[in-house]
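Letter by letter, the sequence shown follows residues 1 to 248 in UniProt numbering.
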Amino acid sequence: MSPKKAVSGPSIPGAVWLRPRPPRRGQHGLTRERIAAEVVSQLDQAGPAGLNLRSIAAALDVHPTTLYWHVSARDDLLDLAVDAVFAELPLPSQPSDDWLADVRAFMHNLRAALLTHPWSGALASSRPLLGPEALARSEFVYAALARAGFTGDELAASAAAVSNLVIGSVATETSWQNGDESSARQAVHEHLHANAETYPAMADLSTESGRWGTQFSYSADLLLAGLAQKAPSSASSPGTNSQTPRTT
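Next comes the structure, spelled out in structure tokens:
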């Protein structure tokens with residue numbers, strides 16, 4: 001008898017993580033992990049446009065009905081792939097004694113992992129990150145911020161600021177890099193310069209301004225300085241120093 005389609009709830013982004021995981025069936029050794037690895041490979045080669053259940057089944061040398069035992073829609077494939085990217089982030093077995101350093105390392109590691117797979121930033125920005133790998137790393141960030149004294153809404157908002165800065169910046173960076181970024185930057189610069197009376201601050205920027213790595217590092221430092229300033233335990237936080245900005 002053919003496997004039944006793996007549906008016990010709505011087919012929506014993130015639903016694959018909310019359904020009971022099916023028992024292993026057949027002799028193909030097919031697992032979510034194998035499926036995810038193939039999806040990541042295909043997305044790396046061609047992006048999301050051509051991805052579908054049949055192409056994944058063919059690559060894994062299984063009948064589509066076998067694949068349906070594990071996933072029920074294209075959305076499931078995307079969720080598996082995004083979580084596989086999060087699995088590439090180092091996850092320390094124990095936190096350090098410096099919560100700020102832990103959050104900083106997470107931000108830079110997440111950026112590096114997402115940039116390795118240029119499609120992943122845009123997907124991560126548009127899907128609930130409910131997979132076990134993403135949740136494990138979110139828990140690490142939440143725990144670091146909780147050690148700083150953040151609780152409740154402030155904890156949730158701080159963690160969201162951390163992940164949103166990384167994911168949003170990567171999604172923007174990779175969208176620019178789909179074409180000729182150098183020519184695009186030059187065109188933008190010329191447009192702003194030609195309209196300097198309307199956009200004087202931006203017109204003063206050179207074409208070298210806003211390089212992705214430098215801009216991200218500065219943005220991350222600004223956010224971390226703000227978190228250190230706001231942290232209830234900031235007076236004793238190892239990551240703070242006399243250069244942390246003050247609020248008036």
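Yeah, the Cβ is synthetic: ideal placement off N, Cα and C, and Gly gets one too.
Per DSSP, the unbroken alpha helix (DSSP H) holding D44 starts and ends at 32-46.
In this structure, DSSP gives F150 a state outside helix and strand, which the three-state scheme calls coil. Going by DSSP, R54 is part of the alpha helix (DSSP H) stretching over 53-59. In the three-state reduction of the DSSP assignment, E197 falls in the coil class, being assigned neither a helical nor a strand state. By the 16-neighbour rule on beta-carbons within 10 angstroms, Q42 is buried. Of the candidates A231, A225, E173, the residue whose Cα lies closest to the Cα of L155 is A231.
Counted as a single uninterrupted DSSP element, the stretch harbouring H70 is not any alpha helix (DSSP H), since DSSP gives it neither H nor E. Beyond the five residues adjoining it in sequence on each side, A196 comes within less than 7 angstroms, by CB distance, of A203 in the same chain, given in chain order. L18 sits exposed, since fewer than 16 C-beta atoms from the chains shown fall within 10 Å of its C-beta. Here G121 carries a helix assignment [DSSP, helix/strand/coil]. Contact between the stretch 155-174 and the stretch 121-132 is established, with three or more Cβ pairs separated by less than 8 angstroms. In this structure, DSSP gives P64 a helical state, which the three-state scheme calls helix. The shortest C-alpha to C-alpha distance from L78 to any of S125, D221, T198 is the one to S125. Inter-residue distance for A37 and N164 is about 25 angstroms (C-alpha atoms, whole angstroms).
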